[in-house]
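Notes to accompany the following structure.
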């Protein structure tokens with residue numbers, strides 16, 4: 002019964018690929034692997050995957066190449082032919098998956114929404130750069146043994162709780 | 019100077035390729051699972067749902083396991099593992115603006131962490147979730163991503179200098 006066997010594998014593969022814990026474990030191990038592979042190109046350590054830092058490296062690195070500026074970026078991107086490209090990869094991977102599974106939907110907002118999201122993007126990136134990493138690099142740094150990153154995660158959880166409390170109160174007021 | 023599996027000449031060539039492939043894999047799976055770190059804490063606080071939170075906790079545990087594994091296999095690439103034991107508990111891994119003392123980095127952990135959590139939960143997702151939603155065709159998330167791109171040039175050109183100058187004025191210089 003090869004058919005049934007294939008179906009069982011397909012079922013579990015689909016279940017696994019849709020579980021966040023699988024992706025979390027994968028990012029952790031692959032980030033360590035990519036450091037073991039590529040660290041000769043330059044530091045810093047625990048830099049395998051980070052949305053904010055890698056966006057910074059990609060944008061500033063490409064701006065440096067195209068416009069000849071000298072914006073700051075991590076050593077690994079400065080020494081390489083091109084800066085780290087993982088964020089471009091995330092966009093491509095997300096688009097492939099959304100198209101394959103027919104989940105690609107154009108969702109538009111108002112101009113006010115766009116402005117709020119644009120400013121939030123600037124704020125989140127600048128705050129993340131002041132700490133030296135987004136939530137993902139904070140997790141990698143925790144795994145690498147950096148206690149400052151543990152403090153960051155606890156503080157972030159506190160911020161999320163406060164924000165969620167605001168959302169809850171707003172929802173209750175609208176419901177009443 | 020840490021040295022990895024690939025020598026420097028090869029590594030500088032493979033950095034963009036390797037990270038691009040890694041990103042495509044992560045983006046694909048993140049779209050399937052709705053992966054989000056901020057969402058994990060939010061869902062746990064509001065509904066006691068642990069599905070998304072398990073993803074973030076798995077990332078912390080697996081990164082420790084992964085770094086431990088490669089520390090055994092290629093010790094030269096993991097120069098300062100385990101950071102708190104090799105470099106002291108109060109020093110952060112480089113990445114933040116340099117030249118400040120330990121108290122400044124403690125502030126740099128607490129204040130940005132709190133506000134990143136607050137902003138991200140109010141706009142409904144952490145940076146990776148916004149990036150994936152942008153690739154799904156969400157215009158608001160796309161504007162968030164454009165904001166991150168603008169913010170990176172702004173930070174390098176202006177904000178990092180301001181922050182260091184401010185902290186030095188307040189007496190946190192090294």
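Residue numbers (my numbering), protein chains in the order written: chain A, 2 to 177; chain B, 19 to 192.
Just so you know, even glycine gets a beta-carbon here, dropped at the ideal spot from N, CA and C.
Computed from a predicted structure; not experimentally measured.
Own chain partners of residue i with C-beta closer than 6 Å, once the 5 adjacent residues on each side are dropped
| i | result |
| --- | --- |
| residue 36 of chain A | 49 |
| residue 143 of chain A | 150, 151 |
| residue 60 of chain B | 139 |
| residue 114 of chain B | 126 |
| residue 126 of chain A | 53 |
| residue 148 of chain A | none |
Cβ shell of residue i (< 8 Å), same chain only, five flanking positions each side left out
| i | result |
| --- | --- |
| residue 96 of chain A | 105 |
| residue 45 of chain B | 149, 150, 153 |
| residue 95 of chain B | 20, 21, 22, 23, 88 |
| residue 49 of chain B | 150, 153, 154 |
Beta bridge counterpart(s) of residue i as assigned by DSSP
| i | result |
| --- | --- |
| residue 118 of chain B | B:191 |
| residue 156 of chain B | A:108 |
Status (buried if at least 16 other CB within 10 Å, exposed otherwise) for residue i
| i | result |
| --- | --- |
| residue 82 of chain A | exposed |
| residue 75 of chain A | buried |
| residue 84 of chain A | buried |
| residue 180 of chain B | exposed |
| residue 189 of chain B | exposed |
| residue 102 of chain A | exposed |
| residue 89 of chain A | buried |
| residue 38 of chain B | buried |
| residue 27 of chain B | exposed |
| residue 66 of chain B | exposed |
| residue 174 of chain A | exposed |
| residue 165 of chain B | buried |
| residue 103 of chain B | exposed |
| residue 176 of chain A | exposed |
| residue 128 of chain A | buried |
| residue 32 of chain A | buried |
| residue 113 of chain A | exposed |
| residue 141 of chain B | buried |
| residue 29 of chain B | buried |
Distance between residue j and residue i (C-alpha atoms, nearest Å)
| i | j | result |
| --- | --- | --- |
| residue 135 of chain B | residue 4 of chain A | 47 Å |
| residue 55 of chain A | residue 87 of chain A | 7 Å |
| residue 90 of chain B | residue 44 of chain A | 19 Å |
| residue 52 of chain A | residue 146 of chain B | 6 Å |
| residue 53 of chain B | residue 144 of chain B | 9 Å |
| residue 57 of chain B | residue 99 of chain A | 20 Å |
| residue 78 of chain A | residue 155 of chain A | 30 Å |
| residue 40 of chain A | residue 76 of chain B | 24 Å |
| residue 146 of chain A | residue 109 of chain B | 11 Å |
| residue 112 of chain B | residue 16 of chain A | 38 Å |
| residue 30 of chain A | residue 78 of chain B | 10 Å |
| residue 118 of chain B | residue 133 of chain B | 21 Å |
| residue 19 of chain A | residue 191 of chain B | 47 Å |
| residue 177 of chain B | residue 73 of chain A | 12 Å |
| residue 62 of chain A | residue 10 of chain A | 42 Å |
| residue 13 of chain A | residue 163 of chain B | 33 Å |
| residue 158 of chain A | residue 6 of chain A | 43 Å |
| residue 131 of chain B | residue 136 of chain A | 8 Å |
| residue 184 of chain B | residue 129 of chain B | 15 Å |
| residue 27 of chain A | residue 38 of chain A | 16 Å |
| residue 229 of chain A | residue 92 of chain A | For chain A, the structure presents residues 2 to 177; residue 229 of chain A sits outside this window and is missing. |
| residue 71 of chain A | residue 175 of chain B | 9 Å |
| residue 24 of chain A | residue 187 of chain B | 43 Å |
| residue 141 of chain A | residue 107 of chain B | 16 Å |
| residue 59 of chain A | residue 97 of chain B | 25 Å |
| residue 100 of chain B | residue 47 of chain A | 11 Å |
| residue 47 of chain B | residue 122 of chain A | 23 Å |
| residue 86 of chain B | residue 80 of chain B | 10 Å |
| residue 160 of chain A | residue 55 of chain B | 13 Å |
| residue 121 of chain B | residue 117 of chain A | 32 Å |
| residue 110 of chain A | residue 162 of chain A | 26 Å |
| residue 130 of chain A | residue 68 of chain A | 22 Å |
| residue 80 of chain A | residue 123 of chain B | 27 Å |
| residue 167 of chain A | residue 119 of chain A | 21 Å |
| residue 116 of chain B | residue 8 of chain A | 54 Å |
| residue 64 of chain B | residue 22 of chain A | 20 Å |
| residue 132 of chain A | residue 182 of chain B | 12 Å |
| residue 33 of chain B | residue 169 of chain A | 44 Å |
| residue 173 of chain B | residue 137 of chain B | 18 Å |
| residue 92 of chain B | residue 82 of chain B | 15 Å |
| residue 84 of chain B | residue 139 of chain A | 15 Å |
Close beta carbons around residue i, own chain, < 7 Å, minus the five adjacent residues each side
| i | result |
| --- | --- |
| residue 43 of chain B | none |
| residue 62 of chain B | 68, 71 |
| residue 159 of chain B | 148, 151, 152 |
| residue 220 of chain B | What the structure shows of chain B is the stretch from 19 to 192, and residue 220 of chain B is not part of that stretch, so it cannot be assessed. |
What alpha helix (DSSP H) runs, 4 residues minimum, are completely inside the region 89-162 of chain A? Those alpha helix (DSSP H) runs which fall completely within the region 89-162 of chain A and span 4+ residues are 112-132, 136-145.
Where are the alpha helix (DSSP H) runs, 4 residues long or more, that stay fully inside the region 31-91 of chain A, in chain order? The alpha helix (DSSP H) runs of length 4 or more contained entirely in the region 31-91 of chain A are, from start to end of the chain, 52-68, 76-80.
Give, in chain order, every unbroken run of the alpha helix (DSSP H) that is at least 4 residues long and sits entirely within the region 41-127 of chain B. Runs of the alpha helix (DSSP H) inside the region 41-127 of chain B: 55-65, 69-91, 101-104.
Residues of the region 127-149 of chain A with Cβ closer than 9 Å to any Cβ of chain D, in chain order: Here chain D cannot be found, since the structure's protein chains are A and B.
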